[in-house]
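Engineer: The sequence shown begins at 45 in our numbering and counts up one residue at a time.
From the three backbone atoms N, C-alpha and C, an ideal C-beta is built for every residue, glycine too.
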Amino acid sequence: MKKNFMFLALALAGLASCNGGFKKGDSGLLYDIVDDKSGPLIKPKDFVSLNLIAKTDADSVMYSTYDVGRPAVMSMPEKIANKGDLYSALVMMSEGDSAVVKVNADSLFKKNARPPGFKGKYIVYDIKVNKVISKGTMSDQIFSAKIEDYFKVESTKAKAAEPGKIAKYIKDHNINATKTDSGLYYQITKPGSGPLPAKGDTVLVNYTGRFLNGKVFDTSIKEVAQKEKVFNPMAPYKPAPIPVGTGRVIPGWDQGLLLLNKGAKATFVIPSNLAYGERGMQVIPPFSPLAFEVEVMDIIKPNPNAPKPVVPAMPGAAPQIQK
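1. Looking at the structure shown, is Q270 part of a helix, part of a strand, or coil, going by DSSP?
2. According to DSSP, is Y320 helix, strand or coil?
3. CB-CB under 6 Å to I344, same chain, minus the five flanking residues each way: which ones, in chain order?
4. Whose C-alpha, out of L85, A202, K68 and M106, is nearest the C-alpha of M120?
5. If I follow the unbroken beta strand (DSSP E) through A308, where does it start and stop?
6. Are M136 and Y229 close, meaning C-beta to C-beta below 8 Å?
7. Just reading off the beta strand (DSSP E) that D79 is part of, what are its end residues?
8. Are the CB atoms of I232 and I308 within a distance shorter than 8 Å?
9. How would you call D90, buried or exposed, if buried means at least 16 neighbouring beta carbons within 10 angstroms?
10. Check whether the Cβ atoms of L301 and V288 sit closer than 8 Å, and answer yes or no.
11. Can you give me the C-alpha to C-alpha distance between K146 and F261, rounded to a whole angstrom?
12. Under a three-way DSSP split, which group does L134 fall into?
13. Quick one: any contact between the stretch 319-334 and the stretch 196-210, if contact means 3 or more CB pairs under 8 Å?
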């Protein structure tokens, strides 16, 4: 978990501003507890669920748990290794509290190599602590069971909310959707030409994937990635080769792409049972319905002598079962 926060710090550093209204904590930490609820403070080994938004001083949002539709969860360390980091702020908070926290990058990277351009910068977080499960003297077995119960409740809530989210997205975006027997919603926004793909064909497809709050999580189009601030310099940004009807991608893609011929454009709204289900995958939370805009660039018939196409891990790849 410590590594996750270090990574977040690298990605989300903002400019420092004046300290008006903020109290000083360890190693340059600045904090303002906006909503202070009564209750025990967060302690070592406690389980914490929180939402956070990371911003620059100009109020430009760099990261938000609200964008992905799930809070961050963590177990507090027994000892805070880097005084002045986000853990240092959390131990001054309790369940229900809200705070604005500025983490000094100079202190954060004091024991590590500081990336270029981080000198004198701050990471600015808006934090809302949703849930705290106190470890105290509780046995590990009972503590783990309580955490598992928490995740079960959250999963039940997410599953129950899914139909309403799908209906709202379709209505708000004026999608004239057709619903398949399996539950896939699709609209062909531009007809293609020629035959439909058959099972085993490879479809070259450009795509943009969104959560139903509109946030883009992946795309094969460089310009879209740059505009939506999800650009990855390591990504190839070209049409993805998808072997259809073979179970190598999520069911929503397997089924939807078989409905599109070359040149066709479409919108898919995919319920979670046809996407990543109750487990989620990488940035996609459990029970997350997803929306995709897709365009079929080409359809390639199978060549028994050709190597199998490398299916991208996102967004259509079927989740791997961990043993």
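Structural biologist: To lay it out plainly:
1. For the purposes of this step, residue 270 is taken as residue 226 along the sequence shown, with counting starting at 1. Helix, per DSSP.
2. By one-based count along the sequence shown, residue 320 stands at place 276. Coil.
3. Residue 344 sits at position 300 when you count from the first residue of the sequence shown. So the qualifying residues of the chain are T246.
4. As a working mapping, residue 120 is identified with position 76 in the sequence shown. Selected option, being the one with the closest Cα: L85.
5. Your numbering for residue 308 matches position 264 in the sequence shown. No beta strand (DSSP E) holds A308; DSSP gives it neither H nor E.
6. Stepping through the sequence shown from its first residue, residue 136 is reached at position 92. Stepping through the sequence shown from its first residue, residue 229 is reached at position 185. Result no, Cβ atoms of M136 and Y229 do not sit closer than 8 Å.
7. As a working mapping, residue 79 is identified with position 35 in the sequence shown. L74 to D79 is the span of the beta strand (DSSP E), which, as asked, contains D79.
8. The residue labelled residue 308 in the question sits at position 264 within the sequence shown. The residue labelled residue 232 in the question sits at position 188 within the sequence shown. This sequence places Ala at residue 308; Ile is not what is there. In this structure, I232 lies closer than 8 Å to A308 by Cβ.
9. Position 46 of the sequence shown holds residue 90. Under this definition D90 is a buried residue.
10. Looking up residue 301 in the sequence shown gives position 257. Looking up residue 288 in the sequence shown gives position 244. The answer is yes: Cβ separation under 8 Å.
11. As a first step, residue 146 is located in the sequence shown; it is residue number 102 there, counting from the start. As a first step, residue 261 is located in the sequence shown; it is residue number 217 there, counting from the start. One C-alpha to the other measures close to 27 Å.
12. Numbered from its first residue, the sequence shown carries residue 134 at position 90. L134: helix per DSSP, three-state reduction.
13. yes
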